[in-house]
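Reading through the structure tokens given below for one structure.
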Amino acid sequence: MEQHIRDVEKITSGEIVVKVVSSSDVYAKASLLGSLMVSLFSAIMVMLILGSRDMWMFLGVFAALFVALHELVRHSSALKRLFVSSAEKKIKVEDAAISAFYRRGIDRTIDHTGLLIYISIFEHRVRVVADKGISDKVEQEVWQEIVDMIVRGIHEKSQDKALALAVDRCGAILSSHFPLKQGDRNELADSIIFGRAAER
Numbered sequence: 002m003e004q005h006i007r008d009v010e011k012i013t014s015g016e017i018v019v020k021v022v023s024s025s026d027v028y029a030k031a032s033l034l035g036s037l038m039v040s041l042f043s044a045i046m047v048m049l050i051l052g053s054r055d056m057w058m059f060l061g062v063f064a065a066l067f068v069a070l071h072e073l074v075r076h077s078s079a080l081k082r083l084f085v086s087s088a089e090k091k092i093k094v095e096d097a098a099i100s101a102f103y104r105r106g107i108d109r110t111i112d113h114t115g116l117l118i119y120i121s122i123f124e125h126r127v128r129v130v131a132d133k134g135i136s137d138k139v140e141q142e143v144w145q146e147i148v149d150m151i152v153r154g155i156h157e158k159s160q161d162k163a164l165a166l167a168v169d170r171c172g173a174i175l176s177s178h179f180p181l182k183q184g185d186r187n188e189l190a191d192s193i194i195f196g197r198a199a200e201r
């Protein structure tokens, strides 16, 4: 992919950066809430089955279940996803993408033509962040095509192919507004940046 990005940038002065993270947040509240709800319900069911009203037994069962379930939910993306709303995922991805854009210096190209393709696996979400030079000429809605292309690829387990096509399309869009200039130099790294949950 590094060579592919480099080849695409041969037709534009725009700079394309791809960042892929396992998750845009650790979602600690989701792990806590999920394990709390399930362990409370399970403890009540256990007490009903045993026919006991012993509060100390209930607390013991609840505590044991909570500890076990909290670890399980914390390390299971499938379970954690059940307790994270779509709205929360959207906000976390948005915040993380903007943070990555500035932390990675994508806003510091000479002509402000940096473009970040931010992919967050846990949320199955993609965000394209364009610097001022690009956003002055290209509407944000144009990048939705790129987002849809990559998300579809993730769902179809063909993310590598989808990402390559998305980079090609970004290059085509950028070259129409920012063709390669004489003396243009590569200002940002072309390799994919990989990150972990909550890492910016």
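To convert, count from 1 in the sequence shown and add 1; that's our numbering.
Cβ coordinates follow ideal geometry from the N, Cα and C atoms, glycine included.
Own chain partners of residue i with C-beta closer than 7 Å, once the 5 adjacent residues on each side are dropped
{"i": "V94", "result": "S25, S121, E124, R126, R128"}
{"i": "V143", "result": "I174"}
{"i": "L181", "result": "K11, I12, T13, S14"}
{"i": "A101", "result": "K20, L117, Y119, R201"}
{"i": "F59", "result": "A44, M48"}
{"i": "D108", "result": "F102, G115, D132"}
{"i": "H5", "result": "A165, V168"}
{"i": "L70", "result": "S36, V39, S40"}
{"i": "A31", "result": "K81, F84, V85"}
{"i": "F63", "result": "S40, L41, A44"}
{"i": "K90", "result": "E124, R126"}
{"i": "Q145", "result": "none"}
Own chain residues within Cβ distance below 8 Å of residue i, not counting five before or after
{"i": "N187", "result": "R7, E10, E16"}
{"i": "I151", "result": "I118, I120, V127, Q160, A163, L164, A167"}
{"i": "H156", "result": "H125"}
{"i": "L33", "result": "H71"}
Cβ shell of residue i (< 6 Å), same chain only, five flanking positions each side left out
{"i": "G196", "result": "V22"}
{"i": "M2", "result": "I193"}
{"i": "A98", "result": "Y119, R128, V130"}
{"i": "G154", "result": "Q160, A163"}
{"i": "Q183", "result": "none"}
{"i": "S78", "result": "F123"}
Rounded Cβ spacing between residue i and residue j (contact assumed at less than 8 Å)
{"i": "H178", "j": "V130", "result": "H178 to V130, Cβ: 17 Å. No contact."}
{"i": "L170", "j": "I135", "result": "According to the sequence shown, residue 170 is Arg rather than Leu. Not really, about 14 Å apart at Cβ, beyond 8 Å."}
{"i": "V18", "j": "L189", "result": "5 Å"}
{"i": "L80", "j": "V74", "result": "5 Å"}
Three-state secondary structure assigned by DSSP to residue i
{"i": "I107", "result": "helix"}
{"i": "A223", "result": "With the chain covering 2 to 201 only, the question about residue 223 has no answer from this structure."}
{"i": "G184", "result": "coil"}
{"i": "K27", "result": "The sequence given here places Val at residue 27; Lys does not occur at that position. In this structure, V27 counts as coil in the three-state DSSP scheme."}
{"i": "F195", "result": "strand"}
{"i": "E16", "result": "strand"}
{"i": "S53", "result": "coil"}
{"i": "S203", "result": "The chain is shown only over 2 to 201; residue 203 falls outside these bounds and no answer can be derived."}
{"i": "S36", "result": "helix"}
{"i": "I118", "result": "strand"}
{"i": "V139", "result": "coil"}
{"i": "S177", "result": "helix"}
Cβ-heavy atom distance, residue i to the ligand MN, below 7 Å
{"i": "P180", "result": "No copy of the ligand MN appears in this structure; indeed no ligand is present at all."}
Any C-beta of chain D under 8 Å from that of residue i
{"i": "R126", "result": "Here chain D cannot be found, since the structure has a single protein chain."}
Exercise. For the region 76 to 85 against the region 108 to 118, are there 3 or more C-beta pairs whose distance is under 8 Å?
Worked result: no
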